[in-house]
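Student: Just dropping this structure here.
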Amino acid sequence: MKKVYLLTILLLVLNSLAAAHLAAGIVTHRLSRSYPKAAATPSPPRADATNDELASFAPILDRGLFGKATQGALTPVTARSAPAAGGPAAAQGDLILVGTARGSFRETFALIRRSAPPEERVFRPGDQVFGAGRLVSVRKESVEILAGNRRIRLLTPTAIPVEPPPSPAGHPVTQMTTGSAIIDQRLLNAALDNIGQAMTDARLLPSLKEGKVEGFRVSEVKPSGVFATVGIRNGDVLLRINELPIDSPERAIQTLASLKGQNRIRIDLLRDGQPATFTYDIR
488 MKKVYLLTIL LLVLNSLAAA HLAAGIVTHR LSRSYPKAAA TPSPPRADAT NDELASFAPI
548 LDRGLFGKAT QGALTPVTAR SAPAAGGPAA AQGDLILVGT ARGSFRETFA LIRRSAPPEE
608 RVFRPGDQVF GAGRLVSVRK ESVEILAGNR RIRLLTPTAI PVEPPPSPAG HPVTQMTTGS
668 AIIDQRLLNA ALDNIGQAMT DARLLPSLKE GKVEGFRVSE VKPSGVFATV GIRNGDVLLR
728 INELPIDSPE RAIQTLASLK GQNRIRIDLL RDGQPATFTY DIR
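Residue numbering for the sequence shown follows my numbering, beginning at 488 and increasing consecutively.
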């Protein structure tokens with residue numbers, strides 16, 4: 488009788504444990520259905536927030552606080568589904584090296600022409616050349632542009648020999664007397680028809696005085712070029728043309744181009760360290 492009593496108590500205990508385990512499973516299942524686990528997916532950064540942060544820098548670009556070269560409009564950041572094919576960057580075949588000048592870092596530059604759309608611009612080392620790449624090297628008659636991992640080399644037109652135009656009088660300048668002379672207008676205009684070629688008729692390097700550019704020293708003058716036409720010799724320091732100071736590469740190019748169509752030219756220069764002035768009548 489005692490054994491039967493103990494066995495009955497053991498069965499009751501086992502049944503209670505089984506019932507408790509079953510109840511715990513049911514509660515867990517119902518809770519998991521009521522509160523499913525949410526997958527932790529990181530939310531992508533909002534472009535609006537990024538644009539709001541960048542917008543605070545817009546006045547710096549609008550006002551050009553770091554110089555005129557940095558002036559422009561701020562473009563908002565937009566998501567791109569695929570990289571854009573092509574673009575406004577100029578192709579290598581569209582670029583023509585007109586001429587170069589080498590001096591200090593600030594006075595080393597290259598004049599490069601883009602054929603489509605037509606434009607000429609002065610570039611210094613480190614500048615982007617019409618979107619084609621960065622100017623990394625400037626030599627006497629060539630430059631190198633870094634486009635990605637590829638180097639593009641441009642040569643000046645002097646690599647191709649050009650025959651000088653015939654001179655009916657034998658020489659474009661008549662006998663100079665006391666600083667004055669007469670220049671054949673047809674020959675001068677012909678020499679200036681291609682300003683890029685004219686810039687290769689001599690080599691111009693900045694001449695500094697007290698840390699400032701006072702003019703450009705002329706060397707390697709071609710006998711049939713525009714510089715020889717107006718009486719400039721190797722070693723001369725070109726100071727002014729028609730009262731306009733030649734103190735920057737841009738001013739030198741602009742002044743040289745403005746000679747076409749003139750009927751009188753005045754040139755101020757240093758020759759053998761002494762100031763000299765020459766006046767030419769264009770006929």
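All C-beta atoms, glycine included, are put in the ideal place defined by N, C-alpha and C.
No experiment lies behind these values; they were computed from the predicted model shown.
1) So is L499 buried or exposed if we call it buried at 16+ other beta carbons inside 10 Å?
2) Mapping the DSSP letters down to three states, classify D614 as helix, strand or coil.
3) Can you tell me which of P604, I754, D614 and P605 puts its alpha carbon nearest to the alpha carbon of Y767?
4) Measure the CB-CB distance between L679 and L756 and report whether it falls below 8 Å.
5) Suppose you measure from the CA of E730 to the CA of N636; what does that come to, to the nearest Å?
6) Provide the residue span of the alpha helix (DSSP H) that contains E737, from first to last.
7) What is the DSSP secondary structure of V609, counted as helix, strand or coil?
8) Please report the residue range of the beta strand (DSSP E) in which R753 lies.
9) Please name the residue, chosen from L622, I583, G590 and Q684, that lies closest to S602 on a Cα-to-Cα basis.
10) Under the three-state reduction of DSSP, which class applies to T687: helix, strand or coil?
11) Just curious, the alpha helix (DSSP H) that V713 is in, first and last residue?
12) Inspect the beta-carbon positions of L598 and I740 and report whether they are closer than 8 Å.
13) Residues in its own chain within less than 8 Å of R738 by CB, not counting five upstream and five downstream?
14) So, A685 versus L726, is the Cβ gap smaller than 8 Å?
15) Where DSSP assigns a beta bridge to K696, which residues make up the other side?
16) List the residues that DSSP assigns as beta-bridge partners of S591.
17) Less than 8 Å between the beta carbons of E607 and V585, yes or no?
Tutor: Checking against the coordinates, here is how it stands:
1) exposed
2) coil
3) I754
4) no
5) 46 Å
6) P736 to A744
7) strand
8) R751 to R758
9) I583
10) coil
11) V713 to T716
12) yes
13) L731 and P732
14) no
15) K699
16) Beta-bridge pairing links S591 to no other residue.
17) yes
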